[in-house]
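Chemist: A single structure is presented below for examination.
Protein chains in written order, with our numbering: chain X, 25 to 386; chain C, 140 to 665.
Next comes the structure, spelled out in structure tokens:
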């Protein structure tokens, strides 16, 4: 028993798996898209038209590339948040709620005063407010976990179901964020945020909507990577996640680290929500988060704890989403087909873990 | 013709050869002990016989016909049963229900099981109430249920993998009796152990394994235990006297100490010795209640002086574990005070306790002492990684250097400081924990709870050496152990705990197994 344990769980560097780790996502995506095309063909759609529309939507123009990247930014931030909490063995499935709350608070701050701030503070302050709001939302679950042992999977999920109606309420209520009704077509949504609070574009001349959120996201990737891989904080989070009692004995304040992990995790999600509003949507609607939090969660899950993996996953899902939207509009292929493909990718990648792990254990 | 004939068995895990060309015969009606250090291949050999693993080379024969079990089920069919270190019982089901699991076909017949249990009770003295829930049984009783489960099908060969590691002394006696009973009825027993004393008492023959090879197989009649130790460890064990006393409960060793048990007080008055300066540890009226309000420590008063090892003897479950948790700062007492070097540590966090100069070697190495998934270096500096922090980033090369220094100093053997803790043998894990705790600065007091549990002779020797050396530099040590021989070999003073109370005290030179044993069981001392 002892000897077999020794050898089967011995040290094994990830580098042994790298070829597979690159190969598997690519193959998964190709196969999943192939199945998607089969479905389109089987339901009588035009495959060539669909591919054309799909490609056009993803990367057909500077505008579309920019829009795809903008989508990837928010997905990536939620994904980063997921792997950050996961380092402490916490599973934050509440990205959707944290993103929604972050977007709502960012809107509120942008509408009420931030517009007149100088030196870029006009958009930085709402972004910070959104991140803090998301952090509080995530931190709530962390607090419950640390003090009461509440399972964070349940609490983050339920907190999402509280967050979404709050956002709905805020755009329904004139006392809160709803814009005044000016004509019959006035929808329940907030007024547009002031121009100074909108994120500056990176390439204002070529019509790309890509904004400086990209730089923030890259910065976040580097910081999260450093913290998780090379910092004392990352090691402490890992220790607390692996064995709370031993960590406590070693003098770590375990409750603090659990709450911190959830605050940072939620904060990254909240930042993602704020960037969605300030970067491209410019006003709050009740359903602006539209599944980005859950897609971001999938990005985090598939990355297996690696910040680089989050970048790849966020790009993949960001571009897929853009393509599917365009495909639906121009080729009249339901975007559900792309959702099916996304689901297949998840199943393939997650399922491949069984084989790669088994191979590694041999 | 032997019952079980192994020839040329080899088993590799990756590049590691766990068993190398093992040839061995197990006779009918013998107790055959497998002796060896951790990682010598004992468990692997059992798993091959029981069909958990398949051999890479070699053959097995049972009763003259080839044996190639593809899984435990086939081994059981052939009459081979095994009791693992970890039990496979469902805690919230009754004994009879557990025995029916995996055996019942279509219709449950509890009466049949109860009748069969009655037979086994009559034959081997294996008494267990069939209707009681497993979770209400002691560890020893649970093991008895495991053995009954094995015997239901009337097997030929019983494999016991370190069955005594979890048992109390009296339960060990009962188990060894059962082994003898089995052989009287013509069954064979393979007993894996590294407790030499048990071998002397029960084995017909002993096979010593080292690094996957058979070193020797000896008949136990007239065998020299010391020579077994030598073949097991591969060298002469230093200070053989004390180590042997701890691992071999040879009667002459115990008898060497005059049986003049003197319990200073059995009436509940404090056992605080005359104060010489500041005590390394002083407990005053310590009371602890568990979550259900049950009193686990009942007014414990105790002093440990600098340069003194105080042993705490007692049957497990009499408050030792709780005492360890309180001293580690993982549980808070209901009332009472703790002083270390004169400083009051009531309500302190584990970190403050560490800073006050308290080293803790906890009872549960895997749950409390270390994080087995983290590397050796990470574990060595778990509480002190700030030393290697530059602007929050970890200086891994400085930490590696410090870890390597510590590994050399404390003889922690691992291929590098980056291997996960789970890749180390139990002995090296414990040495690493000791290294970390003994390197604290300041260090006034060390709690060592069950420090040699599950370790082999070589590692036990090293642990004792470290604890003694630390004592000699003026450290006060509290040694909690369920091994009487260990306490008698290492302690300067032994206190006995019974139902959360210290009921007696003996000084070195007046230790006696009988006196301590009777106090441990709650009887007034002799």
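Just so it is clear, CB atoms sit at the ideal spot from N, CA and C, and this is done for glycine as well. This structure is a prediction, so every number in the text was calculated from the model and none was measured.
1) Could you tell me whether any Cβ in chain C is nearer than 8 Å to the Cβ of residue 221 (chain X)?
2) My output table needs one value for residue 156 (chain C): the three-state DSSP class, helix, strand or coil.
3) On the criterion of 16 or more Cβ atoms from any shown chain inside 10 Å, does residue 145 (chain C) qualify as buried, or is it exposed?
4) For residue 349 (chain C), list the residues DSSP reports as bridge partners.
5) Which residues does DSSP list as the beta-bridge partners of residue 172 (chain C)?
6) Could you compute how far the alpha carbon of residue 106 (chain X) sits from the alpha carbon of residue 183 (chain X)?
7) With 8 Å as the threshold, decide whether the Cβ of residue 388 (chain X) is near any Cβ in chain C.
8) Could you check what DSSP says for residue 265 (chain X) in three-state terms: helix, strand or coil?
9) Can you list, in chain order, the residues of its chain with a C-beta nearer than 7 Å to that of residue 304 (chain C)? Leave out the 5 residues immediately preceding and following it.
10) Kindly identify the DSSP beta-bridge partner or partners of residue 205 (chain C).
11) So that I know if they touch, is there some Cβ in chain X lying closer than 8 Å to that of residue 411 (chain C)?
12) Could you tell me the boundaries of the alpha helix (DSSP H) in which residue 640 (chain C) lies?
13) Going by beta carbon distance, what residues of the same chain come within less than 6 Å of residue 90 (chain X), once the five residues before and after it are set aside?
14) Going by beta carbon distance, what residues of the same chain come within less than 8 Å of residue 227 (chain C), once the five residues before and after it are set aside?
15) With a Cβ-Cβ cutoff of 8 Å, do residue 142 (chain C) and residue 299 (chain C) count as a contact?
16) Starting from residue 475 (chain C) and walking both ways along the beta strand (DSSP E), at which residues does that stretch end?
17) What does residue 442 (chain C) pair with, by DSSP beta-bridge criteria?
18) For residue 256 (chain X), does the count of other Cβ atoms within 10 angstroms reach 16, so buried, or fall short, so exposed?
19) Is residue 121 (chain X) helix, strand or coil by DSSP?
20) Can at least three beta-carbon pairs, one atom from the region 620–629 of chain C and one from the region 207–215 of chain C, be found at a separation below 8 Å?
21) Between residue 266 (chain X) and chain C, is the shortest Cβ-Cβ distance under 8 Å, so that the two count as touching?
22) So, does the CB of residue 490 (chain C) fall closer than 8 Å to a CB anywhere in chain X?
23) Would you list the residues sitting across from residue 499 (chain C) in a DSSP beta bridge?
24) Which residues bound the alpha helix (DSSP H) around residue 105 (chain X)?
25) For the region 280–291 of chain C, which residues have a beta carbon sitting closer than 9 Å to at least one beta carbon of chain X?
26) Can you name the residues of chain X whose CB is closer than 7 Å to the CB of residue 668 (chain C)?
27) Within this structure, are the beta carbons of residue 450 (chain C) and residue 620 (chain C) separated by less than 8 Å?
28) Count Cβ pairs between the region 323–333 of chain C and the region 161–181 of chain C that sit closer than 8 Å; are there 3 or more?
29) Using the beta-carbon of each residue, which ones in chain X are nearer than 8 Å to residue 499 (chain C)?
30) Residue 190 (chain C) and residue 157 (chain C) - do their beta-carbons sit closer together than 8 Å?
31) Going by the CB atoms, is the gap between residue 272 (chain X) and residue 469 (chain C) shorter than 8 Å?
32) Please state whether the Cβ-Cβ distance between residue 172 (chain X) and residue 285 (chain X) is less than 8 Å.
33) Out of C:467, C:282, C:497, point me to the one whose CA is closest to residue 222 (chain C)'s CA.
34) Is the shortest distance between the beta-carbon of residue 317 (chain C) and the beta-carbons of chain X less than 8 Å?
35) Please tell me whether residue 114 (chain X) has its Cβ less than 8 Å away from any Cβ of chain C.
36) Taking 8 Å as the CB-CB limit, is residue 250 (chain X) close to chain C?
Modeler: With the given structure in hand:
1) Here the question's residue 221 (chain X) lines up with position 197 in the first chain. Taking Cβ atoms only, chain C never reaches closer than 8 Å to residue 221 (chain X), which makes this a no.
2) As a first step, residue 156 (chain C) is located in the second chain; it is residue number 17 there, counting from the start. The answer is strand: DSSP assigns residue 156 (chain C) an E or B state.
3) Start at 1 with the first residue of the second chain, and residue 145 (chain C) comes out as number 6. With 16 or more Cβ atoms within 10 Å of its Cβ, residue 145 (chain C) is classed as buried.
4) By one-based count along the second chain, residue 349 (chain C) stands at place 210. For residue 349 (chain C), which the question treats as bridged, DSSP gives the partners C:352.
5) The residue labelled residue 172 (chain C) in the question sits at position 33 within the second chain. Looking at the DSSP assignment, residue 172 (chain C) forms a beta bridge with C:330, C:345.
6) As a first step, residue 106 (chain X) must be located in the first chain, where it is residue number 82. As a first step, residue 183 (chain X) must be located in the first chain, where it is residue number 159. Going from the Cα of residue 106 (chain X) to the Cα of residue 183 (chain X) covers about 15 Å.
7) It is not possible to answer for residue 388 (chain X), since the shown part of chain X is limited to 25 through 386.
8) Position 241 of the first chain, counted from the start, is the residue given in the question as residue 265 (chain X). Helix, per DSSP.
9) Against the second chain, residue 304 (chain C) aligns to sequence position 165. Contacts found: 224, 593.
10) In the second chain, residue 205 (chain C) corresponds to position 66, counting from 1. Answer is C:200.
11) For the purposes of this step, residue 411 (chain C) is identified with residue 272 of the second chain, where counting begins at 1. Summary for residue 411 (chain C): the model assigns pLDDT 39, below 50, so the residue's position carries little reliability, and this model does not support an answer.
12) In the second chain, residue 640 (chain C) corresponds to position 501, counting from 1. Note, residue 640 (chain C): premise wrong, no alpha helix (DSSP H); beta strand (DSSP E) at 640–646.
13) Counting from 1 along the first chain, the entry for residue 90 (chain X) is found at position 66. Excluding positions up to five away in sequence, the list reads 232, 233, 234.
14) To locate residue 227 (chain C), count along the second chain from 1; it is residue 88. Here the set comprises 285.
15) Looking up residue 142 (chain C) in the second chain gives position 3. Looking up residue 299 (chain C) in the second chain gives position 160. Taking 8 Å as the Cβ cut-off, residue 142 (chain C) and residue 299 (chain C) do not qualify as a contacting pair.
16) As a position in the second chain, residue 475 (chain C) is number 336, starting the count at 1. Start and end: 474–479.
17) Indexing the second chain from 1 puts residue 442 (chain C) at position 303. In the DSSP output, where bridge partners are listed per residue, residue 442 (chain C) has C:421.
18) Within the first chain, numbered from 1, the residue matching residue 256 (chain X) stands at position 232. Buried: at least 16 other Cβ atoms inside 10 Å.
19) In the first chain, residue 121 (chain X) corresponds to position 97, counting from 1. It is helical.
20) no
21) Here the question's residue 266 (chain X) lines up with position 242 in the first chain. Chain C contact via Cβ: present.
22) Taking the first residue of the second chain as 1, we reach residue 490 (chain C) at position 351. Interface residue, yes.
23) As a working note, residue 499 (chain C) is residue 360 in the second chain. Note: residue 499 (chain C) sits in a beta bridge opposite C:586.
24) Position 81 of the first chain holds residue 105 (chain X). From DSSP, the alpha helix (DSSP H) with residue 105 (chain X) extends over 86–111.
25) none
26) Within the shown structure, residues of chain C are numbered from 140 to 665, placing residue 668 (chain C) beyond reach of any answer.
27) Start at 1 with the first residue of the second chain, and residue 450 (chain C) comes out as number 311. Start at 1 with the first residue of the second chain, and residue 620 (chain C) comes out as number 481. Taking 8 Å as the Cβ cut-off, residue 450 (chain C) and residue 620 (chain C) qualify as a contacting pair.
28) yes
29) In the second chain, residue 499 (chain C) corresponds to position 360, counting from 1. Correct list: 273.
30) As a working mapping, residue 157 (chain C) is identified with position 18 in the second chain. As a working mapping, residue 190 (chain C) is identified with position 51 in the second chain. No. Outside cutoff.
31) In the second chain, counting from the first residue as 1, residue 469 (chain C) sits at position 330. In the first chain, counting from the first residue as 1, residue 272 (chain X) sits at position 248. Yes.
32) One-based indexing of the first chain puts residue 172 (chain X) at position 148. One-based indexing of the first chain puts residue 285 (chain X) at position 261. Result no, Cβ atoms of residue 172 (chain X) and residue 285 (chain X) do not sit closer than 8 Å.
33) For the purposes of this step, residue 222 (chain C) is taken as the residue at position 83 of the second chain. Nearest option by C-alpha distance: C:282.
34) Residue numbering aside, residue 317 (chain C) sits at position 178 when the second chain is read from its first letter. Judged by the 8 Å Cβ criterion, residue 317 (chain C) is not in contact with chain X.
35) The residue given as residue 114 (chain X) occupies position 90 in the first chain. Output row for residue 114 (chain X): interface = no.
36) Working through the first chain from its first residue, we reach residue 250 (chain X) at position 226. It does; some Cβ of chain C falls within 8 Å.
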